[in-house]
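Here is the structure we will look at, set down as structure tokens.
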Amino acid sequence: MATMMSTMMSTMMFTMMTGFLLLLLAGVTVSRVVDLDKRVYNGVPCGNHVRKYHVKLIAVNKQGNSFSSGGSLISEQWILTAGHNVELGETVEAILGFHPAGTKVKAVTIIEQPIRYIDPSGSGPHDLMLLELPDAKHGYPIAPRTDCSKAPKINDKVQIAGIGDTKKDPVTGIKGVNLETTLHCGDTTVVQCGAICTSTIPFYNKNEELICYKETHVDTSKGDSGGGVEFKGMIYGVHIRSGKIACDTRASAINICDLKYKTWINNITGLNIL
254 MATMMSTMMS
264 TMMFTMMTGF
274 LLLLLAGVTV
284 SRVVDLDKRV
294 YNGVPCGNHV
304 RKYHVKLIAV
314 NKQGNSFSSG
324 GSLISEQWIL
334 TAGHNVELGE
344 TVEAILGFHP
354 AGTKVKAVTI
364 IEQPIRYIDP
374 SGSGPHDLML
384 LELPDAKHGY
394 PIAPRTDCSK
404 APKINDKVQI
414 AGIGDTKKDP
424 VTGIKGVNLE
434 TTLHCGDTTV
444 VQCGAICTST
454 IPFYNKNEEL
464 ICYKETHVDT
474 SKGDSGGGVE
484 FKGMIYGVHI
494 RSGKIACDTR
504 ASAINICDLK
514 YKTWINNITG
524 LNIL
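Everything in the sequence shown is counted per the numbering used here, starting at 254 for the first residue and increasing by one.
Rendered as structure tokens:
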């Protein structure tokens with residue numbers, strides 16, 4: 254009997270390990286594992302009449318591994334997202350019509366090279382990127398044009414959104430790693446950025462202009478990077494980072510109303526962000 258039980262246990266362990274290895278080899282879609290977090294912890298499903306411009310992005314590296322993130326369709330031709338969502342050598346697919354559920358979706362392969370904001374001082378790229386769709390005649394809703402004269406101020410409530418895990422480990426507080434199948438939203442509060450970043454953080458540039466936000470019970474996590482930070486229905490930031498522990502640190506977004514970013518976006522896309 255002992256020999257039989259030992260054989261059964263060995264067979265079960267082998268089967269489990271084999272299945273795990275097959276998942277790894279298959280390149281299962283995950284959120285990118287870096288020191289940046291990208292999803293809405295403790296969020297709720299977004300309403301059906303909001304954020305129809307949200308785009309799910311799937312980047313695939315040379316090894317066949319895929320990584321999910323978010324973006325905003327800011328015009329018929331252009332998607333605004335975080336720079337680190339698509340790395341050098343990766344292909345990227347944009348899923349239009351991801352929200353609300355039940356919308357007819359369209360998967361579009363991005364053909365043109367991603368355009369990343371490069372600091373004119375020579376300090377390198379900022380965590381902001383534009384992706385060009387090959388066809389502007391797709392019929393999907395675009396984000397309302399941003400009016401920078403109405404930008405959020407300290408203590409204002411803003412909304413974040415994404416597809417990342419909405420839960421945390423009850424003991425450690427570390428956010429989960431599973432992706433949601435629906436878009437989740439959460440309200441958070443604009444705060445002073447302070448010294449939230451160091452040069453040791455991947456994708457960090459000291460010259461980035463940020464909006465920072467924090468809430469006791471709402472946070473972002475892996476899968477949310479690139480999502481729009483909304484205030485009164487308009488996008489004012491592109492979410493780029495937060496901490497590994499839920500609600501433990503200030504999250505941050507690129508402030509698209511900063512003159513250099515606003516000018517850059519307008520010049521490339523032909524928009525007129527005020």
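By construction, the Cβ of each residue, glycine as well, lies at the ideal position given by its N, Cα and C atoms.
Can you name, in chain order, every residue of its own chain whose Cβ lies under 7 Å from the Cβ of H352, other than the five neighbours on each side?
C299, R304, K305, H307, L436
Taking its Cβ as the centre, do 16 or more other Cβ atoms sit within 10 Å of P423, making it buried, or is it exposed?
The pLDDT assigned to P423 is 49, lower than 50, so where the model puts this residue is not dependable, and the model offers no usable value.
Helix, strand or coil, according to DSSP, for S505 in the structure here?
strand
Are the region 310-321 and the region 387-406 in contact at 8 Å, needing three or more beta carbon pairs?
no
When DSSP labels each residue in this structure, what does H337 get in the three-state scheme?
helix
Using C-beta distances below 6 Å, list every residue in its chain close to P367, excluding the 5 sequence neighbours before and after it, in chain order.
V339, M382, L384
Where D380 falls, given that 16 or more other Cβ within 10 Å makes a residue buried:
buried
Let me confirm a value: N460 is counted as buried when at least 16 other C-beta atoms fall within 10 Å, else exposed. Which label applies?
exposed
If you drop the 5 nearest sequence neighbours on each side, which residues of the same chain put their C-beta closer than 8 Å to that of H391?
E329, L349, K359, V361
Checking 8 Å against the spacing of the C-beta atoms, do N458 and P387 come in under that value?
no
Only counting the same chain, and skipping five residues up and downstream in sequence, which positions put a Cβ closer than 6 Å to that of C465?
V444, C446, R503, S505
Can you tell which of E462, P394, L333 has the C-alpha that lies nearest to the C-alpha of T356?
P394
Compare the beta carbon distance of I521 and I509 with 8 Å and say whether it is the shorter of the two.
no
Neighbourhood of I407 by C-beta, 6 Å cutoff - its chain only, sequence neighbours within 5 removed:
V443
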